[in-house]
Structures are given as structure tokens and as C-alpha cells.
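A.B. asks:
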Amino acid sequence: MKKPKVTVLTSLYNCRQYIEGYFQCIASIEYSDELEILLLHNAPTEEELHIIQSYLPSYPFLRHYIIQEREGLYSTWNRGIKLSQGEYITIWNVDDIRFPLSIHQQAETLDQNPQADITYGDFYYMYQYGDISKNFIQNKDFIVSPKKFFRTHQIGCFPMWRKRIHQKIGYFDEQLKLVADFDFQIRAAINNCIFVKNRELLGCYLALIPSKLSSNQRLQKKEQNVLFLRYGIYDYLNWIYWMAALKYEITKIFSYQKDQPLSIYFKHRNIFLIKRMPLFILSIFKQPRNILSHLKHFVFKRK
Numbered sequence: 001m002k003k004p005k006v007t008v009l010t011s012l013y014n015c016r017q018y019i020e021g022y023f024q025c026i027a028s029i030e031y032s033d034e035l036e037i038l039l040l041h042n043a044p045t046e047e048e049l050h051i052i053q054s055y056l057p058s059y060p061f062l063r064h065y066i067i068q069e070r071e072g073l074y075s076t077w078n079r080g081i082k083l084s085q086g087e088y089i090t091i092w093n094v095d096d097i098r099f100p101l102s103i104h105q106q107a108e109t110l111d112q113n114p115q116a117d118i119t120y121g122d123f124y125y126m127y128q129y130g131d132i133s134k135n136f137i138q139n140k141d142f143i144v145s146p147k148k149f150f151r152t153h154q155i156g157c158f159p160m161w162r163k164r165i166h167q168k169i170g171y172f173d174e175q176l177k178l179v180a181d182f183d184f185q186i187r188a189a190i191n192n193c194i195f196v197k198n199r200e201l202l203g204c205y206l207a208l209i210p211s212k213l214s215s216n217q218r219l220q221k222k223e224q225n226v227l228f229l230r231y232g233i234y235d236y237l238n239w240i241y242w243m244a245a246l247k248y249e250i251t252k253i254f255s256y257q258k259d260q261p262l263s264i265y266f267k268h269r270n271i272f273l274i275k276r277m278p279l280f281i282l283s284i285f286k287q288p289r290n291i292l293s294h295l296k297h298f299v300f301k302r303k
């Protein structure tokens with residue numbers, strides 16, 4: 001059996017309602033002989049196991065791993081990276097939809113751009129699984145706006161990267177629950193990784209679903225402020241979440257039950273942060289709007 005070119009990481013937890021649709025998408029994926037798909041299954045139910053096991057014989061490129069107790073998403077991704085055999089690694093969440101050619105197109109993008117480390121692209125929103133909206137996320141092109149990759153999340157939900165870059169930038173920070181992919185992107189940019197945008201739309205992202213962890217706006221803002229402090233994005237700071245953000249290990253990256261100093265992956269960080277101190281002044285002018293937004297959210301939740 002030949003070695004796969006691409007490893008696809010799919011984290012599963014409480015996923016019964018999405019499994020059938022996910023396997024329908026797998027059936028339509030082109031160039032599946034290039035792939036291995038790792039189903040990383042957290043705390044599976046008997047029903048989930050029964051459905052998945054009924055599909056496995058039809059797809060020899062699927063590998064099903066059972067994780068008995070639930071772990072964080074980024075712990076699962078790191079687990080998958082260690083298990084991966086592919087030269088390239090990509091993400092496919094079970095509640096998202098990949099277009100049939102998207103994985104092959106991204107792999108071709110890396111093949112055709114040997115200087116590139118990460119490829120990404122635009123995608124549609126879904127507000128109900130399987131119902132593709134006309135709204136789509138248009139991420140910045142790294143060639144045109146490289147500075148955006150130091151400050152805002154641009155790689156979206158379907159990034160693909162060369163496995164070797166983990167030697168240079170480390171793994172996903174497992175102390176984060178929602179924004180470790182954003183953190184990963186910034187570390188890649190800081191270490192002069194090259195991003196290439198895929199020209200085709202890659203798939204559909206399920207948004208605004210209350211059961212999704214990403215719908216936890218308070219946690220998301222708190223973790224975003226961890227990154228703003230970590231990487232000197234001071235003008236984006238929301239002071240309401242400042243103290244909560246300081247409870248995290250801002251100067252350390254946690255992966256595989258170990259912590260490593262951020263300085264390993266971010267040389268001359270202290271000098272960099274000192275140069276960005278004037279951005280604190282800009283953050284002052286944003287706080288009234290942040291406070292008003294926080295109050296509106298609080299009042300809305302009380303109703």
C-alpha cells in the first residue's frame with residue numbers, strides 16, 4: 001500500500017446528526033487514493049460506533065481511532081498529527097462540508113508552489129447542515145496582504161500545511177479551546193512561512209449553531225485576548241477580558257502534556273513587543289464600544 005500524500009484530520013464528538021452527511025461527502029471526494037482520513041473519535045456512543053463501523057469496509061483510506069474520554073479539539077488534532085503518514089495535513093470537521101475536489105486542489109497548490117508551507121481558501125457559510133447559503137468568507141491573499149496574517153485569522157476552517165513545518169513552529173496550543181488555529185497561523189507568519197491561497201472555494205462551514213463550542217462568544221473573546229497579549233496586537237485588546245486572559249500561560253505553548261517556551265518559536269519576542277507598545281494607546285479609544293457591546297450581550301442573554 002503506497003504512502004498517502006495527504007492526511008485528513010476529522011475530530012468526532014457528539015456527532016450522530018452529522019455522520020451520515022459526512023460519509024456522503026466522503027463518497028464524493030475525488031482522488032481518494034491520495035488520502036488517509038483519520039477519524040479521531042472522542043467518547044463515542046454505541047450508535048455512533050455502529051454507524052461508522054458499517055461504512056469503514058467501503059473506504060480503505062479511513063482509519064478510526066477511539067479516544068475513550070473526551071479531550072480538547074486541539075489535543076485531538078495534535079494526536080492526529082503524530083499518527084499521520086501524509087506529507088501534507090489538512091482539517092475536515094465532521095459538521096462541515098468539503099467539495100469533492102477541494103483536498104486534491106489544495107495538494108496541487110502545494111505541489112506547484114514548493115516554497116509554500118500552508119494553503120487555504122474561501123468557503124461558504126451554512127446556518128443549517130446541508131443548506132448552503134449564499135454568504136461566503138473571503139480571506140485575504142497573503143501575497144497582497146501579508147501583514148494581515150500577523151493580526152487576524154485568515155486561514156479559515158480548511159487549511160492544509162506541510163507536516164514538516166511543525167519542526168519550525170511547534171504544534172497547536174492545547175490550553176486554548178477555540179483559537180489555537182489562529183495562534184498556529186500567527187506563529188507560522190512570524191517564522192516566515194509562506195501562505196498560498198487556493199483559488200477555488202473549498203467547502204462549507206456550519207455557523208451560529210448553539211451546540212458548537214465556537215458559539216461561546218465569551219470564551220472566544222477571552223482567548224483572542226490571550227493572542228493579542230502574546231503577539232503584541234495591543235490595539236485589538238478588549239480590556240473587559242484582560243484579567244481573564246492573564247490566567248493563561250501566555251509565554252508558553254502546551255502540547256502533548258508538555259509546555260515549551262514561546263521564545264523557541266518567536267525569537268526576539270521582547271524587543272518585538274516593546275516596539276508595539278504604542279498600540280496600547282489605540283486600544284483606549286476602542287474600549288467604550290467594547291463596553292457597550294458587552295452590555296448589549298448581557299442584556300440580550302437576560303431576556
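Numbering of the sequence shown is given in the UniProt record's numbering, commencing with residue 1 and proceeding in unit increments.
Positions of the beta carbon are idealized from the N, C-alpha and C atoms, including for glycine.
Just so it is clear, the structure is predicted and the values come from calculations on it, not from any experiment.
Report the three-state DSSP secondary structure of W161 (helix, strand or coil).
C.D. replies: Translated into positions along the sequence shown, residue 161 becomes position 161. Strand at W161.
A.B. asks: Going by DSSP, what residue range makes up the beta strand (DSSP E) through residue 328?
C.D. replies: Outside the displayed span of the chain (1 to 303) sits residue 328, for which this structure offers no information.
A.B. asks: Pull the bridge partners of S255 from the DSSP assignment, please.
C.D. replies: Counting from 1 along the sequence shown, the entry for residue 255 is found at position 255. According to DSSP, S255 bridges with K258.
A.B. asks: What is the DSSP secondary structure of S84, reduced to helix, strand or coil?
C.D. replies: For the purposes of this step, residue 84 is identified with residue 84 of the sequence shown, where counting begins at 1. Of the three classes helix, strand and coil, the one that applies to S84 here is coil, per DSSP.
A.B. asks: DSSP has V196 in a bridge; who is on the other side?
C.D. replies: Start at 1 with the first residue of the sequence shown, and residue 196 comes out as number 196. The partner list for V196 (beta bridge, DSSP) reads T119.
A.B. asks: For I248, collect the residues of the same chain with a Cβ closer than 7 Å to its Cβ; drop the 5 residues on either side in sequence, then sort them by chain order.
C.D. replies: Translated into positions along the sequence shown, residue 248 becomes position 248. The residue asked about is misnamed: residue 248 is Tyr in this sequence, not Ile. Closer than 7 Å at Cβ, skipping near neighbours: Q175 and V226.
A.B. asks: Report yes if the C-beta distance between D117 and N139 is below 7 Å; otherwise report no.
C.D. replies: Sequence index remark: in the sequence shown, residue 117 carries index 117 (1-based). Sequence index remark: in the sequence shown, residue 139 carries index 139 (1-based). Going by C-beta atoms, D117 is not nearer than 7 Å to N139.
A.B. asks: So, N198 versus Q105, is the Cβ gap smaller than 7 Å?
C.D. replies: One-based indexing of the sequence shown puts residue 198 at position 198. One-based indexing of the sequence shown puts residue 105 at position 105. Cβ atoms of N198 and Q105: closer than 7 Å.
A.B. asks: If you compare alpha carbons, which of M126, K5, R70 and Y125 is closest to I89?
C.D. replies: Counted from its first residue, the sequence shown places residue 89 at position 89. The shortest C-alpha separation from I89 is found at K5.
A.B. asks: Starting from the C-beta of F184, find all residues in its chain whose C-beta is less than 6 Å away, skip the five residues before and the five after it, and write them out in chain order.
C.D. replies: Reading the sequence shown from its first residue, position 184 is the one you call residue 184. Hits under 6 Å: F172.
A.B. asks: Classify K222 as buried or exposed, calling it buried when 16 or more other Cβ atoms lie within 10 Å of its own Cβ.
C.D. replies: Numbered from its first residue, the sequence shown carries residue 222 at position 222. By the neighbour-count rule (16 or more Cβ atoms within 10 Å), K222 is buried.
A.B. asks: With distances taken from CA atoms, which of E200, I274 and F61 is nearest F136?
C.D. replies: The residue labelled residue 136 in the question sits at position 136 within the sequence shown. Taking only the C-alpha atoms, the option nearest F136 is E200.
A.B. asks: Can you tell me where the beta strand (DSSP E) holding F150 begins and where it ends?
C.D. replies: As a first step, residue 150 must be located in the sequence shown, where it is residue number 150. No beta strand (DSSP E) holds F150; DSSP gives it neither H nor E.
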